[in-house]
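Below is one structure, written out as structure tokens, with a few remarks after it.
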Amino acid sequence: MKTTTTKKVEGVTKDSLLNRFLGGIERAGNILPHPATLFVILALLVIILSAVTSWMGVSVMHPGTKEVVRAESLLTIPGPAPHSDFASVVSQKFLYNDRPCR
């Protein structure tokens, strides 16, 4: 036995509210790019927004400690001086670390 969720009212096919809602979600999903592309776009957007808010000097107050927290750009490298190249960072962090690897 076949059941359908559409009703035929006076010659016009009328979908249920749920089918119209799901159809709208499907049409919106078909417009979106591939999930990997969407991830890269949103990651770049977060990086750009962090740089802009850091440049503007945006800060907020932490509600628990009442400490002022400033926005920091994701493009900056933390530390007293910028590192010259990636190899020096890797060697300092991983190769010459006195803690044993687990």
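Residue numbers (the working numbering): 1309 to 1410.
We treat Cβ as the ideally placed atom computed from N, Cα and C, and that holds for glycine.
In this structure, does DSSP put T1358 in helix, strand or coil? A quick correction: the sequence has Ser, not Thr, at residue 1358. Look at S1358 here: in three-state DSSP terms it is helix.
Secondary structure of V1368, DSSP reduced to three states: In this structure, DSSP gives V1368 an extended state, which the three-state scheme calls strand.
Could you work out which residue in P1371, I1339 and I1356 is closest to L1382 when comparing CA atoms only? I1356
Going by the CB atoms, is the gap between V1377 and V1366 shorter than 7 Å? Not in contact: V1366 and V1377 (Cβ atoms no closer than 7 Å).
Among all the DSSP beta bridges, which residues are the ones paired with R1378? Partner(s): S1367.
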